[in-house]
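Shown next, in structure tokens, is the structure this report addresses.
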Amino acid sequence: MTAQDSLLPDSSDNSFPVPEELSSHGPARIIAMSNQKGGVGKTTTTINLAAALAEYGRKVLVVDFDPQGAASAGLGVNARALDRTIYNELIASKPDIKSVIVPTSVPNLDIVPANIDLSAAEIILINEVAREQSLARVLRPVLDDYDLIIIDCQPSLGLLTINALTAAHGVIIPLEAEYFAMRGVALLTEQIERIQDRLNPRLQLDGVLLTMIDMRTLHSREVMASVREGFGDKVYQTYIARTIKFPDATIAALPITEYAPNHSGAQAYRQLAREVVSRGQCA
Ligand code: ADP
Ligand code: MG
82 MTAQDSLLPD SSDNSFPVPE ELSSHGPARI IAMSNQKGGV GKTTTTINLA AALAEYGRKV
142 LVVDFDPQGA ASAGLGVNAR ALDRTIYNEL IASKPDIKSV IVPTSVPNLD IVPANIDLSA
202 AEIILINEVA REQSLARVLR PVLDDYDLII IDCQPSLGLL TINALTAAHG VIIPLEAEYF
262 AMRGVALLTE QIERIQDRLN PRLQLDGVLL TMIDMRTLHS REVMASVREG FGDKVYQTYI
322 ARTIKFPDAT IAALPITEYA PNHSGAQAYR QLAREVVSRG QCA
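What follows is the structure, given as structure tokens:
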């Protein structure tokens with residue numbers, strides 16, 4: 082192997098096999114990226130896991146489900162300028178999701194954008210019939226077009242997040258490596274159990290993803306150990322290190338896999354993509 086080879090994607094890690102090519106697409110599995118705490122890496126993981134799976138030939142749809150619109154911005158969509166977003170479909174009597182899907186600069190990766198309009202949805206949906214199922218209903222017409230749909234949740238356990246968990250097959254919980262990372266997670270896992278019970282029996286906790294790790298610090302290593310103790314093999318083997326390349330990629334409005342394709346952060350999300358496929362959480 083030459084020095085050049087070692088820079089190629091995936092050459093450094095063979096712990097999860099490169100997914101086989103798909104000969105056809107769909108029906109989609111749906112993953113909700115959820116943690117009611119902000120700043121833990123939900124949006125970063127949504128964008129980069131989606132982009133890495135798209136690189137592996139999976140057809141992926143990101144649903145921006147946060148009125149802040151960070152997933153839209155991070156994938157190069159100026160959602161503030163849009164008249165129609167996920168919000169309009171959620172409250173429509175005859176939703177037409179296909180009319181709000183936008184392709185991204187990444188082949189195989191599309192997005193349903195959101196902007197601040199979405200903040201009104203919780204209040205409007207309160208009086209709807211089957212208000213918890215609104216998103217599931219909106220997504221139904223495109224299930225056969227994608228292999229995976231990732232919903233980037235807002236940092237709350239409110240009605241929008243309940244909609245995401247009701248539409249989903251699985252939940253990924255990103256946890257920032259800091260001492261209070263586990264605080265509040267019990268509330269989220271109780272919410273997941275309640276939704277399994279009442280609304281969506283198929284819902285699974287796909288995994289807990291440790292983000293913003295600095296392995297040089299005892300602190301990060303201790304948090305990692307305690308999260309693994311708490312969640313066992315629900316914790317993905319892949320973890321995401323803390324690096325300035327992620328905020329840099331956000332400013333460039335690109336996934337890290339495009340912005341810095343050979344960077345260890347891009348490799349980490351490719352490894353997560355392979356782990357997700359090897360766990361059967363994406364085709
Ligand atoms: P959330 O969606 O949970 O609020 P974000 O994904 O938006 O969290 O991340 C919060 C901030 O941390 C963003 O500025 C993002 O660029 C940055 N960030 C995310 N992951 C990392 C990481 N592994 N290393 C360094 N910064 C990160
Ligand atoms: Mg976010």
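For the sequence shown, the numbering used here begins at 82 and goes up steadily by one. By construction, the Cβ of each residue, glycine as well, lies at the ideal position given by its N, Cα and C atoms.
Residue environment, residue i, which counts as buried when at least 16 other CB atoms sit within 10 Å
{"i": "Glu310", "result": "exposed"}
{"i": "Ser105", "result": "exposed"}
{"i": "Tyr299", "result": "According to the sequence displayed, residue 299 carries Leu and not Tyr. Leu299 comes out exposed."}
{"i": "Cys363", "result": "buried"}
{"i": "Gly346", "result": "buried"}
{"i": "Ser115", "result": "buried"}
{"i": "Gly150", "result": "buried"}
{"i": "Ile197", "result": "exposed"}
{"i": "Met293", "result": "buried"}
{"i": "Gly313", "result": "exposed"}
{"i": "Glu257", "result": "buried"}
{"i": "Ile332", "result": "exposed"}
{"i": "Ile128", "result": "buried"}
{"i": "Gln85", "result": "Model confidence at Gln85 stands at a pLDDT of 40, short of 50, so the residue's coordinates are unreliable; what they give is reported in the following sentence. Label assigned to Gln85: exposed."}
{"i": "Val316", "result": "buried"}
{"i": "Phe327", "result": "buried"}
{"i": "Gln348", "result": "buried"}
{"i": "Ala306", "result": "exposed"}
{"i": "Ser96", "result": "exposed"}
{"i": "Ser87", "result": "Bear in mind that the predicted position of Ser87 carries a pLDDT of just 37, short of 50, making it unreliable; the figure below should be weighed with that in mind. The residue in question, Ser87, is exposed, as its Cβ has fewer than 16 Cβ neighbours within 10 Å."}
{"i": "Gly120", "result": "exposed"}
{"i": "Thr83", "result": "Unreliable positioning characterises Thr83 in this predicted model, as indicated by a pLDDT of 40, which lies under 50. The coordinate reading is nonetheless provided below. Flag for Thr83 reads exposed."}
{"i": "Ala162", "result": "exposed"}
{"i": "Arg351", "result": "buried"}
{"i": "Val308", "result": "buried"}
{"i": "Asn343", "result": "exposed"}
{"i": "Leu89", "result": "Annotation note: pLDDT 39 at Leu89 (below 50); position unreliable, no value reported."}
{"i": "Val99", "result": "exposed"}
Beta carbon proximity, residue i to chain D, threshold 7 Å
{"i": "Leu256", "result": "Structure shown: chain D not included; a single protein chain is present."}
Residue i beta carbon near the ligand MG (any heavy atom closer than 6 Å)
{"i": "Lys118", "result": "no"}
{"i": "Thr124", "result": "yes"}
{"i": "Ala151", "result": "yes"}
{"i": "Asp147", "result": "yes"}
Near the ligand ADP: residue i beta-carbon under 6 Å from a heavy atom
{"i": "Arg161", "result": "no"}
{"i": "Pro328", "result": "yes"}
{"i": "Val158", "result": "no"}
{"i": "Ile197", "result": "no"}
{"i": "Met293", "result": "yes"}
{"i": "Ile321", "result": "yes"}
{"i": "Val121", "result": "yes"}
{"i": "Thr338", "result": "no"}
{"i": "Thr324", "result": "yes"}
{"i": "Thr331", "result": "yes"}
Terminal residues of the beta strand (DSSP E) in which residue i lies
{"i": "Gly288", "result": "285-292"}
{"i": "Phe146", "result": "141-146"}
{"i": "Val99", "result": "Per DSSP, Val99 belongs to no beta strand (DSSP E) and is neither H nor E."}
{"i": "Ile172", "result": "Taken as a continuous stretch (DSSP letters only), Ile172 belongs to no beta strand (DSSP E), being part of the alpha helix (DSSP H) at 167-172."}
{"i": "Val252", "result": "251-257"}
Segment limits, alpha helix (DSSP H) that includes residue i
{"i": "Ala373", "result": "Residue 373 is absent from the model: the chain starts at 82 and stops at 364."}
{"i": "Ile128", "result": "123-136"}
{"i": "Asp278", "result": "266-279"}
{"i": "Ile243", "result": "240-248"}
{"i": "Gly155", "result": "151-155"}
{"i": "Ile337", "result": "337-340"}
{"i": "Ile204", "result": "202-206"}
{"i": "Ile230", "result": "No alpha helix (DSSP H) contains Ile230, which is instead part of the beta strand (DSSP E) from 229-234."}
Residue j beta carbon less than 7 Å from that of residue i
{"i": "Leu147", "j": "Gln235", "result": "In the sequence as displayed, the identity of residue 147 is Asp instead of Leu. Yes, they are a contact pair."}
{"i": "Leu224", "j": "Arg139", "result": "no"}
{"i": "Ala211", "j": "Leu171", "result": "no"}
{"i": "Ala131", "j": "Ile231", "result": "yes"}
{"i": "Gln272", "j": "Leu240", "result": "no"}
{"i": "Leu280", "j": "Glu213", "result": "yes"}
{"i": "Tyr320", "j": "Leu291", "result": "yes"}
{"i": "Pro255", "j": "Lys123", "result": "yes"}
{"i": "Thr166", "j": "Ala195", "result": "yes"}
{"i": "Pro304", "j": "Ala262", "result": "Looking at the sequence shown, residue 304 is not Pro but Val. Yes, these two residues count as a Cβ contact at 7 Å."}
{"i": "Val141", "j": "Ala135", "result": "yes"}
{"i": "Gly288", "j": "Ile112", "result": "no"}
{"i": "Ser186", "j": "Gly157", "result": "yes"}
{"i": "Asp226", "j": "Gly107", "result": "yes"}
{"i": "Asp278", "j": "Ala152", "result": "no"}
Kindly confirm or deny that the segment 244-256 and the segment 199-217 touch, where touching means at least three C-beta pairs closer than 8 Å.
yes
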